Structures are given as structure tokens and as C-alpha cells.
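Chains X and Z, in that order, give the protein sequences.
So the number in this note's numbering is just where the residue sits in the first sequence, counting from 1, plus 91.
So the number in this note's numbering is just where the residue sits in the second sequence, counting from 1, plus 308.
The structure appears right after this line, and notes come after that.
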Amino acid sequence: MEGDIAQLGQFIGAGLAAIGSGAAAIGVGHVAGNFLAGALRNPSAAAGQTATLFIGIAFAEALGIFAFLVALLLMFAV
Amino acid sequence: MASEEGGKLEFHPMDQFIVKPLFGEAGDPIHFYTITNVTFWMALAIGAISLLLVVGTRGRAIIPTRAQSMAELAYGFVYKMVEDVTGKDGLKYFPYIFTLFLFIIFSNFLGLIPMSFTTTSHIAVTAIMAFAVFFTVTIIGFVKNGAGFLSLFWVSSAPLALRPILAIIEVISYFVRPVSHSIRLAGNMMAGHAVLKVFAGFAQVGAVAPIAILGVVAIYGLEVLVSAIQAYVFTILTCVYLKDALHPHH
Chain X
92 MEGDIAQLGQ FIGAGLAAIG SGAAAIGVGH VAGNFLAGAL RNPSAAAGQT
142 ATLFIGIAFA EALGIFAFLV ALLLMFAV
Chain Z
309 MASEEGGKLE FHPMDQFIVK PLFGEAGDPI HFYTITNVTF WMALAIGAIS
359 LLLVVGTRGR AIIPTRAQSM AELAYGFVYK MVEDVTGKDG LKYFPYIFTL
409 FLFIIFSNFL GLIPMSFTTT SHIAVTAIMA FAVFFTVTII GFVKNGAGFL
459 SLFWVSSAPL ALRPILAIIE VISYFVRPVS HSIRLAGNMM AGHAVLKVFA
509 GFAQVGAVAP IAILGVVAIY GLEVLVSAIQ AYVFTILTCV YLKDALHPHH
């Protein structure tokens, strides 16, 4: 158990930033779940919307990746 | 790397991402011309792509061989994606997008070979691709539409009072694009491979070894899926950005 208070802060901050990944997971699940709900109501329209699905997932995921980036910056760059 | 000391992990999960020279000692300085493991695996990806597209389709058979039909499927898949998302006038840029797609998907899949190196897990690699897309798309937008390209930031469907605020948000989101574009790919590849190594590290702890090995297998299957999806996502976002450049009006 050595290290200083700044390192403690880095680790706590990185751990807090990891919460963002969970939030992004909720967002991605929301997109995919709603897509599935819509696709089961109208399966014939689903095939044309998969590109939109992936774009939506990508945008929802981007913010989770920013949280991941903050964690990485805290761990290795600060 | 393999230094076991008192129940600690035998290897660090991030060790796999270290760039080292292919020839010579591990600690040698790396210049821009040094052949590293990144260079090697990138060359291998390009070699595999050339093999698939040049040698695989050499026969030009009516009934395609397996290699030819894979090449044709990849070509048709990306061609249809570009056509669907950007429209007919985006097809001029299809070769660039197809190159990006093949390079990313081959790098991702080659990185899944045990003991290999995932070039796309480095932000330096993906950022070059993302910034290339960003600058290309911005230049195309200004060349095609002139100052009309700026109407991308002026959301004419919103109420007038909101438009300046929306314009600021749109400008910020436009300039964050290359960041999220590159870090999405690198982050996904890096995180997935690090998780694989963490599970592999658990496999040396006697009691949880069977669960850890099953975990490695399951995560590996997920990683195969993620590799393909991230290549697809990178390409389709390139198409979306290109569509914004060709048709900036909301």
C-alpha cells in the first residue's frame, strides 16, 4: 500500500468513469430493444432499417467510449 | 513478460499492445522507418486482401470458387451500403470506402489470431484513418457545395430562436466526429483483447480455471462478432459523413 493521494484520485476517477460504460450499455440496449420491438411488429420493414440500427448503436456507444477514454487518460496520461 | 511473483498475474493484459521492433533488441529506439510488429501485421493484412481480391478472383468463373465468391460478397455488400446511405452520387468514392472496410476487417480478424498483434487497437492507426475521412469529407463538402456546405450547421427545420444554439452544438459535434470515429474502433478492439487476456490470466488460478477457459471461449466468439461489426460501423459512418458532405441541407 504505497503511492500518493494523486494516484488514489486517478484510480477513483477511472473507476467512476467506468460507470459511463454501463450507461452506454443501457443506451445501446434501448436502441436494439426498440428496433426488435418494431421489427417484430413489421418484419417486412426491418431489413431496410438495419443500417439505421447500427448507426444508432454507434452514436449511443460513442458517449460510452468517451467515458472509457476519460478512464484511460486518468490511468495512463495524467 | 512471464514473471510470476506471489499470486500476481503472470502477464499484464496490456502487454499485447506494446509496439516493438521486429528485428533487433526489444529496447531499441523506434524511428518512423523502423519495421515493427505493427508494420508486419499491417503488411500481412494488405497481403491477405491482395490475395483475396487479386488471386481469388483471377479465374473470373461463372460459377465462383469459394475465394471468388467471398470477394464478390464483400464487394457487393459495401457497394450496396454506399449506394443505400449516400445515394448514386456517392458511388464515385466507393473504392476508398471499400479499401477502408477491407483494411479494418482484415486487421481485426488477423488480430484475433493468438499471439498476433491488433493494429487497429492503436488510436494512432485509427486516428489516421478517421482524420483522413474527416478532411476528405470536409474538402468534398466545400468543393461540391461551396459555402452552402455551412448550411449543414444551420438546422432550417428548427424554430428560428433555437437555430444559433443548435448551430453551436452541430459545429461541436462535427469536430468531435474524428475523435469518436477513431476511438470507437480502437477502444472496442483494445478493450475486447484486454478482457480476453484478463480471463486468460484467471485460468492459472486452479479453482476458477474451467470457468475462465469457458469465459475465454465465449469472449472470443463475441470478439469475432465485434470485429466484423466495428468494421461495418466505421464504414457506414464514413458513408453517413460523406452523405452529409454531398447533401448538406437538412
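Ideal Cβ positions, reconstructed from N, Cα and C, are used throughout, including at glycine.
Keep in mind that this is a model prediction, so the values were computed, not measured.
Contact set between residue i and chain X, taken where Cβ atoms lie within less than 8 Å
i	result
Ala499/Z	Phe159
CB contact flag (residue i, residue j, <8 Å)
i	j	result
Glu531/Z	Leu493/Z	no
Leu474/Z	Ala466/Z	yes
Phe157/X	Ile544/Z	no
Tyr387/Z	Phe409/Z	no
Val487/Z	Ala508/Z	no
Met389/Z	Ala168/X	no
Leu381/Z	Glu391/Z	no
Gly449/Z	Pro556/Z	yes
Gly364/Z	Ala379/Z	yes
Ser490/Z	Ala438/Z	yes
Ile521/Z	Ala511/Z	yes
Ser429/Z	Met497/Z	yes
Phe325/Z	Ile343/Z	no
Ala115/X	Leu154/X	yes
Ala353/Z	Leu418/Z	yes
Phe137/X	Ala130/X	It should be pointed out that residue 137/X corresponds to Ala in this sequence rather than to Phe. Yes, these two residues count as a Cβ contact at 8 Å.
Val479/Z	Arg471/Z	no
CB-CB length for residue i against residue j, believed under 8 Å
i	j	result
Asn345/Z	Ser535/Z	Contact doesn't hold; Cβ gap of about 19 Å is too wide.
Leu165/X	Gln101/X	5 Å
Val445/Z	Tyr540/Z	Between Tyr540/Z and Val445/Z the Cβ distance is about 18 Å, and since that is not below 8 Å, they are no contact.
Thr427/Z	Met350/Z	5 Å
Glu93/X	Val119/X	About 39 Å separates the two Cβ atoms, so there is no contact after all.
Ile412/Z	Phe542/Z	6 Å
Val433/Z	Cys547/Z	Not quite, the Cβ-Cβ distance comes to about 21 Å (not below 8 Å), so this is no contact.
Phe406/Z	Tyr383/Z	7 Å
Leu361/Z	Lys452/Z	Actually they are not in contact, since the Cβ atoms of Leu361/Z and Lys452/Z sit about 29 Å apart, beyond 8 Å.
Residue i: contacting residues in chain Z (beta-carbon distance under 8 Å)
i	result
Ala149/X	Arg492, Val541, Ile544, Leu545
Ala108/X	Result: empty, since nearest Cβ-Cβ is about 12 Å, beyond 8 Å.
Ala142/X	Met389, Asp392, Val393, Ile544
DSSP three-state assignment for residue i, whether helix, strand or coil
i	result
Thr365/Z	coil
Pro329/Z	strand
Thr344/Z	strand
Gln324/Z	helix
Phe483/Z	helix
Ala137/X	helix
Leu468/Z	coil
Gly120/X	helix
Phe457/Z	helix
Phe319/Z	coil
Trp349/Z	helix
His501/Z	helix
Phe425/Z	coil
Asp336/Z	coil
Pro403/Z	helix
Gly155/X	helix
Glu85/X	The displayed coordinates of chain X run from 92 to 169. Any statement about residue 85/X would go beyond what the structure contains.
Gln253/Z	Residue 253/Z is absent from the structure shown; chain Z starts at 309 and stops at 558.
Interface partners of residue i on chain Z, CB under 9 Å
i	result
Ile146/X	Val393, Val541, Ile544, Leu545, Val548
Per-residue contacts from residue i into chain Z (C-beta, under 7 Å)
i	result
Glu93/X	The contacting residues do not exist; Glu93/X stays about 16 Å from chain Z at best.
Ala114/X	None at all; the shortest Cβ gap to chain Z is about 15 Å.
Ile156/X	Ser488, Ile491, Arg492, Gly495
Ala105/X	Going along chain Z, no residue has its Cβ under 7 Å from Ala105/X, so there is no contact; the nearest lies around 13 Å.
Ala138/X	Near Ala138/X there are no residues of chain Z at all, since even the closest Cβ is about 11 Å away, more than 7 Å.
Ala153/X	Ser488, Arg492
Next item on the list: Using a Cβ-Cβ cut-off of less than 8 Å, give me the residues of the region 536-558 of chain Z that come near chain X, in sequence order.
Entry: Ile537, Tyr540, Val541, Ile544, Leu545, Val548
Next item on the list: Could you list the residues in the region 476-492 of chain Z with a C-beta less than 7 Å from some C-beta on chain X, going in chain order?
Entry: Ser488, Ile491, Arg492
Check: When you check each C-beta in the region 384-408 of chain Z against every C-beta of chain X, which residues fall closer than 9 Å?
Finding: Of all residues in the region 384-408 of chain Z, Met389, Asp392, Val393 have a Cβ within less than 9 Å of some Cβ in chain X.
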